[in-house]
Amino acid sequence: MRRLIIFIFSVPILFYSAMVQAVYVDGRFTDWRWEGPPPEPETQARWAEIDFHYSTIMFDDYDKAFANGKTVRCTNQGCRLRLFIFNHAAAGGHSETFSAAFAPEGAVLTSYEANQLIRRILPFTSTVRFLYALHNPQCMYLDFTDGSYVHRLGSTCDGTLPPLPPTTPRPPEPLSCAVTWQSSGEIDFGVMTAGENKAKGIAAKLACQGGTSGKARLRFTDVNQVGANTVTLRKSGTNDEIKAKLSIGEPDSSNEQVIDVSPGFNATYAFVAKLDGAQLSGIDAGTFSGNALIVFEVI
Numbered sequence: 414m415r416r417l418i419i420f421i422f423s424v425p426i427l428f429y430s431a432m433v434q435a436v437y438v439d440g441r442f443t444d445w446r447w448e449g450p451p452p453e454p455e456t457q458a459r460w461a462e463i464d465f466h467y468s469t470i471m472f473d474d475y476d477k478a479f480a481n482g483k484t485v486r487c488t489n490q491g492c493r494l495r496l497f498i499f500n501h502a503a504a505g506g507h508s509e510t511f512s513a514a515f516a517p518e519g520a521v522l523t524s525y526e527a528n529q530l531i532r533r534i535l536p537f538t539s540t541v542r543f544l545y546a547l548h549n550p551q552c553m554y555l556d557f558t559d560g561s562y563v564h565r566l567g568s569t570c571d572g573t574l575p576p577l578p579p580t581t582p583r584p585p586e587p588l589s590c591a592v593t594w595q596s597s598g599e600i601d602f603g604v605m606t607a608g609e610n611k612a613k614g615i616a617a618k619l620a621c622q623g624g625t626s627g628k629a630r631l632r633f634t635d636v637n638q639v640g641a642n643t644v645t646l647r648k649s650g651t652n653d654e655i656k657a658k659l660s661i662g663e664p665d666s667s668n669e670q671v672i673d674v675s676p677g678f679n680a681t682y683a684f685v686a687k688l689d690g691a692q693l694s695g696i697d698a699g700t701f702s703g704n705a706l707i708v709f710e711v712i
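Residue numbers (the numbering used here): 414 to 712.
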């Protein structure tokens, strides 16, 4: 069983509306994250990610895209939106992300028809990863592509798109932990007689992954009474029952431990059940069974 810690980060939200030629754009950049450690003073570029959300884009007949007969023809891959940025020269090329096509190849659209269809793919939301020039920041562009031509809708450098938000650290991956069996998950006491004591155990591997460190609680307990340090074993068809004491590591030790864990944590623990044969006095022979639970949770 595993449980996750969820980290919630608050970031600046920049809303923006702009008239680009005759196009109306309403959107925002929601978050910006650096990758890797802080740069050295001589570092020229650094990989980054930016999230964006454009909720409204409206054309009219005066936009350049519709200058040819007041229509636009969608060709290869149809009509789409694109967010585009040139990478630093160390990586070369550019980074871009496309929306789904709002009109198929072969469609001929007026501005009114384009506005009706584009609503199907809005909001245009995604993440762009690019190599950012630290000393000569690049511009980011929002484009409308018809398959043959690219029509610029706005830029972060000319005021027609919102400026890029402040940089924030990459949120760490949540720490998660899990249990896997080293062998069978069954403890079998075999045949016992009154007055005989037995302790049996199984081994399980504990592992954690993620981007943070923390503490985790490990418990060996009754599946029907989480927290209990015993498990009840019952004989089918009767009211007869006996209890086995549960512990971690050694017989008679605690059934609960708090462990310091971090990404890459990997350890094997013994889970022990001890049965006091004195409980068998006056109980008819039979098969007793019950269910215990290993709980390994981040706290």
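Ideal Cβ positions, reconstructed from N, Cα and C, are used throughout, including at glycine.
Residue ranges of uninterrupted beta strand (DSSP E) with 3 or more members, entirely inside the region 606–647 and ordered along the chain, are 611–622, 627–635.
Contact annotation, Q670 with L631: C-beta distance approximately 5 Å; criterion of less than 8 Å satisfied.
A Cβ-Cβ contact shorter than 8 Å links C487 with A520. Within the same chain, and ignoring the five residues on either side of T558 in sequence, the residues whose Cβ sits closer than 6 Å to its Cβ are R493, R495.
When secondary structure is reduced to three states using DSSP, I672 falls in the strand class. If you look at N528, you'll find it in the alpha helix (DSSP H) that goes 524–531. Residue pairing by DSSP puts S702 in a beta bridge opposite R647. An exposed status is given to T606, since fewer than 16 other beta-carbon atoms sit within 10 Å of its beta-carbon. In the DSSP assignment, I498 forms a beta bridge with S508, M553.
Apart from sequence neighbours up to five positions away, the residues of its chain that approach T484 with a beta-carbon distance below 7 Å are V521, L522, T523, ordered along the chain. DSSP lists no beta-bridge partner residue for Y562.
Of A504, S702, I498, the smallest CA-CA separation from V644 is found for S702. Out of A478, Q457, S468, D476, the CA that lies nearest to the CA of Q551 is found in Q457. Counting the other CB atoms within 10 Å of its CB gives N668 a total of 16 or more, which places it among the buried residues. Shown here, I534 sits in a helix according to DSSP, grouped into three states.
I534 is positioned such that its CB atom lies closer than 8 Å to that of F515. Straight through space, the alpha carbons of N679 and L588 are spaced by roughly 13 Å.
Distance check between I615 and each of D673, A686, V639 places A686 closest, using alpha-carbon atoms only.
Annotation: C570 is outside any beta strand (DSSP E) and is labelled neither H nor E by DSSP. A distance below 8 Å separates the beta carbons of G560 and G491.
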